[in-house]
Amino acid sequence: MENADLRQAKLQINYHEPVMLAECLEGLRLSDASLVGGTFVDCTLGGGGHSYAIANKLSPAGTLHSFDRDEEAVAFATKRMATIPVEKSPKFVVHPVAFAKLGEEIAANSVDGILYDLGISSHQVDDSSRGFTFVGNNPLDLRMDRREGVSAQEWLRSVSADDLADALRKNADMDRAYKLATRLVEVAVKTAAENRDILPSDVKAIVEAVFPDKRRDVNSLLARVFQAVRMEVNGELAQIEQSLTAAVDCLKVGGRLVVMSYHSVEDRCVKDTCAKFEKACICPENLPVCMCGGNHQRLKKVNRKPILPSDEEIARNSRARSAKLRVYERV
Ligand SMILES: C[S@@+](CC[C@H](N)C(=O)[O-])C[C@H]1O[C@@H](n2cnc3c(N)ncnc32)[C@H](O)[C@@H]1O
6 MENADLRQAK
16 LQINYHEPVM
26 LAECLEGLRL
36 SDASLVGGTF
46 VDCTLGGGGH
56 SYAIANKLSP
66 AGTLHSFDRD
76 EEAVAFATKR
86 MATIPVEKSP
96 KFVVHPVAFA
106 KLGEEIAANS
116 VDGILYDLGI
126 SSHQVDDSSR
136 GFTFVGNNPL
146 DLRMDRREGV
156 SAQEWLRSVS
166 ADDLADALRK
176 NADMDRAYKL
186 ATRLVEVAVK
196 TAAENRDILP
206 SDVKAIVEAV
216 FPDKRRDVNS
226 LLARVFQAVR
236 MEVNGELAQI
246 EQSLTAAVDC
256 LKVGGRLVVM
266 SYHSVEDRCV
276 KDTCAKFEKA
286 CICPENLPVC
296 MCGGNHQRLK
306 KVNRKPILPS
316 DEEIARNSRA
326 RSAKLRVYER
336 V
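If you use the numbering used here, the sequence shown corresponds to residues 6 to 336, in order.
Written out as structure tokens, the structure reads:
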């Protein structure tokens, strides 16, 4: 008979296997005995893999706040967190809202470590009814929180070709962005006139027409189109920037900010947002001498370069392949 821990681990891995788990815990300094009663935030609860491991490191005196805007993820992970024995479990507070609300939900200077595991979970991708994937040919939705905002289909029916081309370039570094955007807008109009949904097969036909070169991998091009649209529909870059800015206020001096991203656009947003807080001087660049006092630095890098997953982890979990982990300390 399997024991309860093994069953939990299998359940978790089916939902989403946490990436660079040991590296994230180390980044948060959770092996430091003085922090077991501390306060931590997981901004991306997902299947609860990282939250579960953080909670297991904390004592009952500690507190873990976990955010997710996806109500299915919150329901799944809350059940999983409830399996931690009461006598061992820290205070666990779920925030079923977007992490851009971090500054409204968490007090300033109150937190020892904050984790972000950005993007979407394997479960969100694998559940074709969520419309996150081109496998299954379900209508395009792509929202993490289906109670809010507009679906990808509605967005494609309202956006101009220029704005869509900008999104394809900005969010996925797409070439031939304007050509793709024009075709996508045409299909959005045509399917609306025919009173039918825009399907992934419509998008695939456009990608194949715009990139006829058989050496280009259609699935990876399609994944980039989906990524670009998903990032717009969920306002992902604005969410990251707003939340990281709030995170700097929430952290105590010495607290850690640990951020894992999965593609270059996300990583650039993390790097650029944090870079603003790494500067001691915030004077305009054209000022010949510093007038601000030069004491504005609020973050410092813990590792000069981002941490990457091991070959062994990539072989075990292909989703880890593109992960980059950045660790900062509040100064
Ligand atoms: C990669 S998964 C996290 C997986 C989790 N670390 C685990 O080990 O199971 C990312 C999660 O963050 C959530 N998410 C992404 N952007 C968000 C945002 N702006 N606000 C709140 N949740 C967000 C997604 O809904 C998804 O469940």
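Heads up, the beta-carbon is just placed ideally off N, CA and C, and yes, glycines get one too.
Rounded straight-line distance, which links the Cα of residue j to that of residue i
i    : j    : result
R273 : R181 : 22 angstroms
A87  : N176 : 37 angstroms
Y183 : V212 : 12 angstroms
D277 : R85  : 35 angstroms
I245 : C279 : 11 angstroms
N142 : V253 : 41 angstroms
S71  : F97  : 8 angstroms
V332 : R261 : 7 angstroms
G298 : L304 : 17 angstroms
S36  : V102 : 29 angstroms
A60  : R174 : 39 angstroms
E76  : L120 : 19 angstroms
P65  : L242 : 35 angstroms
E7   : P90  : Low local confidence applies: a pLDDT of 46 at E7 is under 50, so the model's placement there is unreliable, and no value is given.
H55  : M25  : 9 angstroms
K219 : N291 : 50 angstroms
L147 : P293 : 48 angstroms
R188 : D316 : 40 angstroms
N-terminal and C-terminal residue of the alpha helix (DSSP H) that residue i is part of
i    : result
V230 : V223 to V238
V97  : Here residue 97 is Phe; the residue named in the question, Val, does not match the sequence. Not the alpha helix (DSSP H): F97 falls in the beta strand (DSSP E), residues K96 to H100.
G54  : G54 to K62
I319 : D316 to R321
G51  : Run containing G51: none; DSSP gives neither H nor E here.
M86  : E76 to M86
A346 : In the structure as shown, the chain begins at 6 and stops at 336. Residue 346 is therefore absent and cannot be evaluated.
Residue j beta carbon less than 8 angstroms from that of residue i
i    : j    : result
V208 : L227 : yes
Y267 : S327 : yes
M265 : K329 : yes
I312 : E22  : no
V116 : C295 : no
S39  : A78  : no
R34  : G118 : yes
L30  : A82  : no
Closest by C-alpha distance to residue i, when choosing among the options
i    : options                   : result
R335 : V307, S315 and V98        : V307
L169 : V130, I119, L63 and R235  : R235
A193 : H100, S163, R220 and D167 : S163
G124 : S36, F231, F282 and N300  : F231
L107 : V238, D73 and L63         : D73
A105 : D218, S248 and G259       : S248
Q158 : L256, N239, V46 and E317  : N239
A197 : D316, V275 and W160       : W160
C286 : I203, V275 and N300       : N300
S206 : L50, V140 and H100        : V140
E191 : A166, A172 and N200       : A166
N200 : M149, A325, T138 and P144 : P144
Opening and closing residue of the beta strand (DSSP E) in which residue i lies
i    : result
E22  : No beta strand (DSSP E) holds E22; DSSP gives it neither H nor E.
F45  : T44 to D47
L256 : L256 to S266
L330 : K329 to R335
L304 : L304 to K306
T68  : T68 to F72
D207 : Run containing D207: none in the beta strand (DSSP E); it sits in the alpha helix (DSSP H), P205 to V215.
G118 : V116 to D122
Neighbour flag for residue i against chain D, beta carbons, 8 angstroms
i    : result
D277 : Looking for chain D here will not work: only one protein chain is present.
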